[in-house]
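Engineer: Under this note's numbering, residues 1378 to 1567 are what the sequence shown spells out, in order.
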Amino acid sequence: MLVFQSHMRIFGYVFVLLASAALAYFLYPQIFVLAEPEASLVVIEETVSKPAKKEEALAVKAKPAIKVTPAVESPAIAEEKAKVAGVKDEPKQPKKGKPEAKPVDLTEEELIETMKASVEKKMVSEFTTEGVKKWEMGEKESIGGKEYQIGFATYEKETILGKQPVIGKCLINSGKVTKWIYTKTGADIP
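Structure, rendered in structure tokens:
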């Protein structure tokens, strides 16, 4: 009886393993890609007409069933395919529509006036122009591939530790304020 139980336990493990593999195959067939799909995936067609000879009756014809291509193609493969197809890289044409704004460098006075105007337009609600202790111009920075002029506004903010000085960082692109962020965390100022 003990031998029978151990065999049944092994049979159970094998059954669960095979059932899991079958379920995975039906749910995620893309993970079961063969190494050489063209050579290994074939459909066998038997001849339908009456063969003239007995050897021809046994002959079968094989052809690829599915063309399997990888889901993600490496750049090297794409480049090689383009060479074989004779495709040349053409320079990309600029998109039609709005022309790109030319970078505008503001003087310190213009930059501070632009920052004050954005605060007065309620671009930020955490402070007002009257609450700012110090306005100053920073150095240019490149963020996310765009060039920004930087301005700083020092103001006081009520925290659980009392009033604390906070420095707000203003990102200006093409003479317009893009957004205000905290200098320490980089989070947007509400």
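Even for Gly, the Cβ is constructed at its ideal location relative to N, Cα and C.
Predicted model, so just to flag it, every value in this text is computed and none were measured.
Tell me the residue span of the beta strand (DSSP E) that contains glutamate 1507.
Structural biologist: Taking the first residue of the sequence shown as position 1, residue 1507 is located at position 130. From DSSP, glutamate 1507 is part of no beta strand (DSSP E); its letter is neither H nor E.
Engineer: Just the Cα atoms here: how many angstroms apart are isoleucine 1566 and glutamate 1485?
Structural biologist: Here residue 1566 refers to the residue found at position 189 when the sequence shown is read from its first residue. Here residue 1485 refers to the residue found at position 108 when the sequence shown is read from its first residue. Spanning the two alpha carbons is a distance of roughly 22 Å.
Engineer: Using a Cβ-Cβ cut-off of 6 Å (strictly less than) and excluding sequence neighbours within five positions of lysine 1540, which residues of its own chain qualify?
Structural biologist: In the sequence shown, the residue the question calls residue 1540 occupies position 163. Cβ within range, chain order: Glu1533.
Engineer: Using three-state DSSP, classify threonine 1500 as helix, strand or coil.
Structural biologist: As a working mapping, residue 1500 is identified with position 123 in the sequence shown. According to the sequence provided, residue 1500 is methionine. The question's threonine does not apply to it. Three-state result, methionine 1500: coil.
Engineer: Buried or exposed: where does alanine 1398 fall if 16 or more other Cβ atoms within 10 Å of its Cβ makes it buried?
Structural biologist: Within the sequence shown, the letter at position 21 stands for residue 1398. The residue is exposed, with fewer than 16 neighbouring Cβ atoms inside 10 Å.
Engineer: How would you call glutamate 1413, buried or exposed, if buried means at least 16 neighbouring beta carbons within 10 angstroms?
Structural biologist: Here residue 1413 corresponds to residue number 36 of the sequence shown, with the count starting at 1. Bear in mind that the predicted position of glutamate 1413 carries a pLDDT of just 45, short of 50, making it unreliable; the figure below should be weighed with that in mind. Answer is exposed; the Cβ neighbour count stays below 16.
Engineer: Identify which residue in Phe1392, Leu1400, Glu1507 and Leu1488 has its Cα closest to the Cα of lysine 1553.
Structural biologist: As a position in the sequence shown, residue 1553 is number 176, starting the count at 1. It is Leu1488 whose Cα lies nearest to the Cα of lysine 1553.
Engineer: What number of angstroms, rounded off, separates the C-alpha of phenylalanine 1392 from the C-alpha of methionine 1385?
Structural biologist: To locate residue 1392, count along the sequence shown from 1; it is residue 15. To locate residue 1385, count along the sequence shown from 1; it is residue 8. The alpha-carbon atoms of phenylalanine 1392 and methionine 1385 are separated by roughly 10 Å.
Engineer: Using alpha carbons as the reference points, say which of Glu1524, Ala1396 and Thr1562 lies closest to aspartate 1482.
Structural biologist: The residue you call residue 1482 lines up with position 105 of the sequence shown. Residue Glu1524 is the option with its Cα nearest to aspartate 1482.
Engineer: Are glycine 1528 and glycine 1508 closer than 8 Å when you measure CB to CB?
Structural biologist: Here residue 1528 refers to the residue found at position 151 when the sequence shown is read from its first residue. Here residue 1508 refers to the residue found at position 131 when the sequence shown is read from its first residue. No.
Engineer: If we count the other Cβ atoms within 10 Å of its Cβ and call it buried at 16 or more, is serine 1519 buried or exposed?
Structural biologist: As a working note, residue 1519 is residue 142 in the sequence shown. With fewer than 16 Cβ atoms within 10 Å of its Cβ, serine 1519 is classed as exposed.
Engineer: Strictly by DSSP, which residues pair up with proline 1542?
Structural biologist: The residue you call residue 1542 lines up with position 165 of the sequence shown. For proline 1542, which the question treats as bridged, DSSP gives the partners Glu1533.
Engineer: Given a threshold of 16 other Cβ atoms within 10 Å of its Cβ, counted over all protein chains shown, does isoleucine 1549 qualify as buried or as exposed?
Structural biologist: Here residue 1549 corresponds to residue number 172 of the sequence shown, with the count starting at 1. Per the 10 Å Cβ criterion, buried.
Engineer: Rounded to a whole number of angstroms, what is the C-alpha to C-alpha distance between valine 1496 and glycine 1545?
Structural biologist: Numbered from 1 along the sequence shown, position 119 holds the residue referred to as residue 1496. Numbered from 1 along the sequence shown, position 168 holds the residue referred to as residue 1545. Rounded to the nearest angstrom, the two C-alpha atoms are 11 Å apart.
Engineer: Can you look up glutamate 1485 in the DSSP assignment and give me helix, strand or coil?
Structural biologist: For this step, residue 1485 is matched to residue 108 along the sequence shown. Reduced to three states, the DSSP call for glutamate 1485 is helix.
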